[in-house]
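Structure record follows, encoded as structure tokens.
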Amino acid sequence: MTWFWSMCQKVNLRWGVILIIPNEKPIHQVNLDAFWIDQTEVTNAMYAKCVK
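Our numbering applies: residue 12 is where the sequence shown begins, and numbers increase by one.
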């Protein structure tokens, strides 16, 4: 398991020449608390096989 946290700031990013639609932006801001996450992807089928 990995402790994931982020300290994000609003930044201007330039990705080169990209077609940008003027109203294309996030609907609202979301702030997440830190959380634990597995380092390896596990599907539902893999998990079900493990707990049988």
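Positions of the beta carbon are idealized from the N, C-alpha and C atoms, including for glycine.
These figures come from a predicted structure and were not determined experimentally.
From the options, pick the residue whose C-alpha is nearest to that of residue i; which is it?
i	options	result
residue 53	14, 46, 61	61
residue 15	63, 57, 59, 49	49
residue 17	57, 59, 46, 63	46
On the DSSP bridge list, what partners appear for residue i?
i	result
residue 48	13
Put residue i into one of helix, strand or coil per three-state DSSP.
i	result
residue 53	coil
residue 41	coil
residue 63	coil
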